[in-house]
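In my numbering, the protein residues as written are 2 to 155.
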């Protein structure tokens, strides 16, 4: 489960794959398309990123590109303020520790992004295991009440 921070949300997961495998999964357009959505990425600092979510594409600029350790980019959706997504990868005995932060989120958007990222990370895990992909909307809807309770408890 993710947690709410002062300015967004954070996830910490151990994934059963080497950092270079996880790096490819979060940076290679073909692999991102398997677990998130069709993505264009110019793999360098200052490069453009577009995730082609239907109805609300995300655009951004890559701020950090340090293979296979760190990826950070701005996250811009029409009608929302700009936020920042950061992935950090660290080798651990069981594979890779992935930390994901989505910062600079307005409080009224946290409850959408927390179960959303959680559902995408579940899909990333299925992708790495070559298992059937969980339905994002089903996972989102199942997770949202728990995140609502977590947010209200803080």
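Glycine included, each C-beta is placed from N, C-alpha and C at the ideal position.
Sequence-distant partners of residue 63 (beyond 5 residues in either direction) whose C-beta falls short of 8 Å from its own C-beta, in its chain, are 42, 43, 44, 45, 46, 47, 48, 49, 50, 72, 73 and 74. Apart from the 5 residues on each side of it in sequence, residue 3 sits with its Cβ closer than 7 Å to the Cβ of 10, 11, 12, 115, 118 and 119 in its chain, given in chain order.
About 15 Å separates the beta carbons of residue 143 and residue 134, which is beyond the 8 Å limit, so they are not a contact pair. Listed in chain order, the beta strand (DSSP E) elements of length 3 or more contained wholly in the region 108 to 133 amount to none.
A direct Cα-Cα distance of roughly 11 Å separates residue 55 from residue 37. C-alpha of residue 91 to C-alpha of residue 14: approximately 11 Å in a straight line. Just measuring C-alpha positions, the residue of 76, 82 and 87 sitting nearest residue 69 is 87. By the criterion of a C-beta distance shorter than 8 Å, residue 6 is surrounded in its chain by 102 and 104, once the five residues flanking it on both sides are discounted. According to DSSP, residue 13 shares a beta bridge with 100. In this structure, residue 112 and residue 149 form a Cβ contact; the two beta carbons are roughly 6 Å apart against a cut-off of 8 Å. Beta-bridge partners assigned by DSSP to residue 4: 11. Residue burial is scored here from C-beta neighbours: residue 57 has fewer than 16 other C-beta atoms within 10 angstroms and is therefore classed as exposed. For residue 61, the three-state secondary structure derived from DSSP is strand.
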